[in-house]
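In the numbering used here, the protein residues as written are 6 to 291.
Everything below concerns the one structure shown next.
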Ligand code: NAD
């Protein structure tokens, strides 16, 4: 078998194309959607991510603003910045780029973002809405994975899904989203015994671990759909390597998201989607 490649760039372009008329309508009738990105300090990886986000805004006609407090900022001062953004009516989404410096209480910062401006979907109120399957901003990477499965018409209902990873950003939300689509979901993690055996049950296997090529051929049931969320540095410190052994996935899976080019491109697209949806909600034309 040779797996069908699930092309994240193709899905991203579809999502962005569908957002354009919505942005145009908002801009013509009210104002463009607005996203504020708070980038504390000058972590090079975070700077690259933020550049990608502000560029996507520019391409779509979304107003974006970058706020760059110094790495030494206190929790109180950062909370002040967020409160200011919460108050501003032209800002629909607030994204605080993580990781934050050690002296900052990340939990308090996360809680300070107004839930209707939390375009990352990380606020506990939005996480509660996810658990209860109530509409609210969803975490971008997991929401992107569901979009990819939907647009490739990969059935989820009744399928056995196994998620490796239980992070708040990827593992837990994708498990819940798959559950809401009526998959039978197993969540595996670093303490799971017989990991390969658990994974071999999966019709849909999602790897969100952060360990290069941990998922080998013993993990993959022939014909499974394999979603590789991992974005790890290559052995030479350059390039991107997934959590899945690509050769094994290509040989055994029915469909597979490559790294790069699979899940990666979807995160920013879903951030844009969350920002436009927030603007529609704020401007009452959703
Ligand atoms: P994390 O470190 O917060 O969580 C990793 C999870 O993997 C943990 O729940 C842990 O229990 C599990 N794990 C670790 N070692 C394991 C092992 N040996 N066996 C089984 N489970 C194990 O990471 P995260 O933020 O969820 O990110 C996971 C990966 O996804 C990373 O490579 C990250 O770069 C990538 N990622 C990609 C995107 C994107 O494509 N846009 C977005 C977010 C994260």
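For glycine and all other residues, C-beta sits at the position ideal for the given N, C-alpha and C.
Beta-carbon separation (whole angstroms), residue i vs residue j, contact threshold 8 Å
{"i": "residue 24", "j": "residue 278", "result": "6 Å"}
{"i": "residue 271", "j": "residue 42", "result": "Not confirmed; about 18 Å, so no contact."}
{"i": "residue 149", "j": "residue 187", "result": "Contact flag wrong, Cβ pair sits at about 20 Å."}
{"i": "residue 147", "j": "residue 179", "result": "4 Å"}
{"i": "residue 288", "j": "residue 31", "result": "6 Å"}
{"i": "residue 263", "j": "residue 10", "result": "6 Å"}
{"i": "residue 117", "j": "residue 159", "result": "Wrong, their Cβ atoms sit about 38 Å apart, outside the cutoff."}
{"i": "residue 234", "j": "residue 281", "result": "The pair is not a contact, with the Cβ atoms about 24 Å apart (cut-off 8 Å)."}
{"i": "residue 127", "j": "residue 135", "result": "Incorrect: roughly 10 Å between the Cβ atoms, too far for contact."}
{"i": "residue 213", "j": "residue 175", "result": "4 Å"}
{"i": "residue 109", "j": "residue 73", "result": "14 Å between Cβ atoms; not a contact."}
{"i": "residue 190", "j": "residue 168", "result": "7 Å"}
Local Cβ density within 10 Å of residue i, reported as buried at 16 or more and exposed below that
{"i": "residue 222", "result": "exposed"}
{"i": "residue 152", "result": "buried"}
{"i": "residue 77", "result": "exposed"}
{"i": "residue 243", "result": "exposed"}
{"i": "residue 94", "result": "exposed"}
{"i": "residue 13", "result": "buried"}
{"i": "residue 89", "result": "exposed"}
{"i": "residue 113", "result": "exposed"}
{"i": "residue 63", "result": "exposed"}
{"i": "residue 39", "result": "buried"}
{"i": "residue 138", "result": "exposed"}
{"i": "residue 122", "result": "buried"}
{"i": "residue 97", "result": "buried"}
{"i": "residue 53", "result": "exposed"}
{"i": "residue 47", "result": "exposed"}
{"i": "residue 227", "result": "exposed"}
{"i": "residue 144", "result": "buried"}
{"i": "residue 82", "result": "exposed"}
{"i": "residue 107", "result": "exposed"}
{"i": "residue 130", "result": "exposed"}
First and last residue of the uninterrupted alpha helix (DSSP H) at residue i
{"i": "residue 54", "result": "49 to 65"}
{"i": "residue 41", "result": "Premise fails: residue 41 lies in the beta strand (DSSP E), 39 to 43, not in any alpha helix (DSSP H)."}
{"i": "residue 204", "result": "200 to 205"}
{"i": "residue 145", "result": "145 to 156"}
{"i": "residue 182", "result": "176 to 185"}
{"i": "residue 80", "result": "80 to 92"}
Bridge partners - residue i, DSSP secondary structure assignment
{"i": "residue 245", "result": "238"}
{"i": "residue 211", "result": "168 and 232"}
{"i": "residue 69", "result": "40"}
{"i": "residue 260", "result": "9 and 230"}
{"i": "residue 132", "result": "Bridge partners of residue 132: none, in fact."}
{"i": "residue 220", "result": "249"}
For residue i, three-class secondary structure by DSSP
{"i": "residue 20", "result": "helix"}
{"i": "residue 9", "result": "strand"}
{"i": "residue 101", "result": "strand"}
{"i": "residue 189", "result": "strand"}
{"i": "residue 118", "result": "coil"}
{"i": "residue 109", "result": "coil"}
{"i": "residue 160", "result": "coil"}
{"i": "residue 34", "result": "helix"}
{"i": "residue 14", "result": "helix"}
{"i": "residue 254", "result": "helix"}
{"i": "residue 124", "result": "coil"}
{"i": "residue 26", "result": "helix"}
{"i": "residue 141", "result": "coil"}
Bounding residues of the beta strand (DSSP E) (the contiguous stretch that carries residue i)
{"i": "residue 269", "result": "From DSSP, residue 269 is part of no beta strand (DSSP E) but of the alpha helix (DSSP H) over 269 to 287."}
Contact with chain D by residue i, beta-carbon distance below 8 Å
{"i": "residue 240", "result": "Among the chains of the structure shown, chain D does not appear; only one protein chain is present."}
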